[in-house]
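The structure under discussion appears below in the form of structure tokens.
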């Protein structure tokens, strides 16, 4: 049982690292910064609202 859980977790990490090759409907930008002596990069999409309905801003951070 332990080996099966370990295998599933390991495969999940490998698949997650390769997920960056997906095609997205909007341009992907990158924000690079340094934190705790590590060079980091965060990908994001800046999507303008459609129509006249501009009630606010939604920010979704996914890690």
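In my numbering, the protein residues as written are 299 to 361.
We put the beta carbon where it would ideally sit given N, CA and C, even for glycine.
Measuring CB to CB, does residue 337 end up less than 8 Å from residue 330?
Numbered from 1 along the chain shown, position 39 holds the residue referred to as residue 337. Numbered from 1 along the chain shown, position 32 holds the residue referred to as residue 330. Yes, the pair counts as a contact, with Cβ atoms nearer than the cut-off.
Compare the C-alpha of residue 360 against each of 344, 346, 348 and 340 and name the closest.
Counted from its first residue, the chain shown places residue 360 at position 62. When only C-alpha atoms are compared, the closest one is 340.
Assuming residue 338 is part of the beta strand (DSSP E), what are its boundary residues?
Position 40 of the chain shown, counted from the start, is the residue given in the question as residue 338. Segment 336-342, the beta strand (DSSP E) holding residue 338.
When the Cα of residue 324 is compared with those of 306, 345 and 334, which residue comes out closest?
To locate residue 324, count along the chain shown from 1; it is residue 26. That would be 345, whose Cα lies nearest to the Cα of residue 324.
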